[in-house]
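The working numbering puts the first residue of the sequence shown at 4, with every later residue one more than the last.
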Amino acid sequence: MKPFRNSELLAAATGEQKARVIQLLRLKPVRSISGVSVITVMPKPYPCPKPEPCIYCPGGPSVGVPQSYTGKEPASARALQAGYDPYRQVQTRIKQLQVIGHVVDKVELIMFGGTLTAYPPDYLEWFTVQCLNAISGASAVTIEEAQRAAEDAPIRNSDITLETRPDYCKEPHVDFMLHLGATRVELGVQTLYDDIYKLVNRGHTVEDVTEATRIAKDAGFAIVHHCMPNLPGSSYERDLDTFKTLFEDERFKPDALKIYPTLVMPGTKLHELWRRGEYKPYSFEQIVELIAEVKRHMPKWIRIQRIQRDIPVNLIAEGVKRGDLRTLIQEKMRREGTRCRCVRCREVG
Numbered sequence: 004m005k006p007f008r009n010s011e012l013l014a015a016a017t018g019e020q021k022a023r024v025i026q027l028l029r030l031k032p033v034r035s036i037s038g039v040s041v042i043t044v045m046p047k048p049y050p051c052p053k054p055e056p057c058i059y060c061p062g063g064p065s066v067g068v069p070q071s072y073t074g075k076e077p078a079s080a081r082a083l084q085a086g087y088d089p090y091r092q093v094q095t096r097i098k099q100l101q102v103i104g105h106v107v108d109k110v111e112l113i114m115f116g117g118t119l120t121a122y123p124p125d126y127l128e129w130f131t132v133q134c135l136n137a138i139s140g141a142s143a144v145t146i147e148e149a150q151r152a153a154e155d156a157p158i159r160n161s162d163i164t165l166e167t168r169p170d171y172c173k174e175p176h177v178d179f180m181l182h183l184g185a186t187r188v189e190l191g192v193q194t195l196y197d198d199i200y201k202l203v204n205r206g207h208t209v210e211d212v213t214e215a216t217r218i219a220k221d222a223g224f225a226i227v228h229h230c231m232p233n234l235p236g237s238s239y240e241r242d243l244d245t246f247k248t249l250f251e252d253e254r255f256k257p258d259a260l261k262i263y264p265t266l267v268m269p270g271t272k273l274h275e276l277w278r279r280g281e282y283k284p285y286s287f288e289q290i291v292e293l294i295a296e297v298k299r300h301m302p303k304w305i306r307i308q309r310i311q312r313d314i315p316v317n318l319i320a321e322g323v324k325r326g327d328l329r330t331l332i333q334e335k336m337r338r339e340g341t342r343c344r345c346v347r348c349r350e351v352g
C-alpha cells in the first residue's frame, strides 16, 4: 500500500482533527518555533569574482551550481530543481512548510550563492523583488514597490540575509545591500592569517575583514562570520587563536558564527594537494577537541548558527563526515563538566 503524503492526511482531517494532525506532522518545530520561518534561496550560478576560486571551493558555473556549493545541499538542490527561479524557490518552500504543519506568517529570507555582491546589480535587485513578491503575493516591478507591498502583506518579511566576501563588503556594496532591504550579512572570514589567505588563493587580507566588519556594523547590519579551521598552513594553535581574536578584538566581534571545518572536495585544487600528500586534515578527534575548546571560550553575546557544512557525506573525499558534529561536541563537554555559553546553547527549547 502506498503511504499517504502529509498533504493528503491534512486534507482528510476534519476541523477538530486538523490541529492534532498538524502537531503530529510537524517534524521539525524548530524551523518556526520563534514564529519566523527561514527560507533559503540561491541565484543562478555566477563566476567567482577572482580569476580562480579558492583552492578548497567546489561548484561554479562550469558544473551548473553557485560557487562554493555542490548542488546536493538541501537549499541548493531546491534552487536547482526550481531552475534558480527566485519566485518558484520561495513559493515552493512556503508551501512545503505549510504542508508539514508550520504556520508561515513571517519569513526570514536568506540569499546564499557565493559572493552575492559580485553579481550584476540589476539581476540581484530583480532576484530580490521576485523573492519578496513570492512572500507577499504582489506583482511589484521595482524594489521600492516590493518593499511597500511587503509592509502589510499576509506573510511578512522580517529579515533579509546576504552572503559575500570581505573584499566585496565595502561601502558601495553595503549601500546596495541596504537598498535591497538586507538586515544581516554573512562574511567568509575563514581565518585571520594573511599567509593562509595567500596559500589558499583567498584573494583578500585581514585588513579587508576588519574594514568590511566595521562598514557593515556602522550601517546597522547584524554580522555573521564564517570560519574554516584546518585550512592548509594552519594548525590547532593558529585556529584557536583566530577564534579568540574574533571574540576579543574590537575590530571583529561578530554577532554570530558559522564553523565549517575544511573539507576536501573532488574537483578542487585542495583535492589535488591531498592526493599528493601535501595536505593532511586533522583527525576527527582533533576537530571535536578544537571546537569544544572554542566553545569553552565563547562569549555570551555570540550565537553559533551552524557547525559543519550541509554537504552529503558521499561527496566528501576527506574531512569530517559526521552530520552530528555539534551533538558529539556537546556530549564531550557535558562529560567533562563544561558548557558553551553562546546564545543558541542557552536558549530554552
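C-beta: ideal position from N, C-alpha, C; glycine also.
- At a cut-off of 3 residues, the continuous stretches assigned as beta strand (DSSP E) that sit fully inside the segment 126–181 are 159–167.
- For Lys-298, same chain residues with a beta-carbon under 6 Å away, outside a window of 5 residues either side, are Cys-343 in chain order.
- Segment contact: the segment 231–246 against the segment 192–199, three or more CB-CB distances shorter than 8 Å; contact assigned.
- Under the three-state reduction of DSSP output, Glu-288 falls in the helix class.
- The criterion of a C-beta distance shorter than 9 Å is satisfied by Leu-266 and Gly-322.
- In this chain, Val-41 is not harboured by any alpha helix (DSSP H); it is covered by the beta strand (DSSP E) spanning 40–44.
- Following the DSSP letters along the chain, one finds Cys-348 in no beta strand (DSSP E) but inside the alpha helix (DSSP H) bounded by residues 346–349.
- Remark: C-beta atoms of Leu-318 and Ile-58 do not approach each other more closely than 9 Å.
- In terms of Cβ geometry, Ile-113 and Val-132 do not form a close pair [threshold 9 Å].
- Distance check between Lys-272 and each of Tyr-282, Gly-140 and Tyr-263 places Tyr-282 closest, using alpha-carbon atoms only.
- In this structure, Pro-89 lies near Pro-46, with their beta-carbon atoms less than 9 Å apart.
- Sequence-distant Cβ neighbours of Met-180 in its own chain, meaning closer than 6 Å and more than five residues away, are Leu-165.
- Within the same chain, Cβ atoms closer than 7 Å to the Cβ of Pro-124 are found at Phe-179, the five residues on either side in sequence being excluded.
- Cβ-Cβ distances below 7 Å link Ser-71 to Cys-60, Pro-61, Gly-62 and Gly-117 in the same chain, with the five nearest sequence neighbours on each side left out; the list follows chain order.
- For Ile-294, the closest C-alpha among the options Phe-224, Tyr-263 and Asn-160 is that of Tyr-263.
- For His-105, the three-state secondary structure derived from DSSP is coil.
- In the displayed model, Val-68 falls within a strand according to three-state DSSP.
- For the 9 Å CB-CB criterion, Arg-187 and Ala-225 form a contact.
- The distance from the Cβ of Lys-173 to that of Ala-215 is about 7 Å, consistent with a contact at the 8 Å cut-off.
- Val-227 has Glu-189 and Ala-259 as its beta-bridge partners, per DSSP.
- The C-alpha of Glu-288 lies about 42 Å from the C-alpha of Asp-108.
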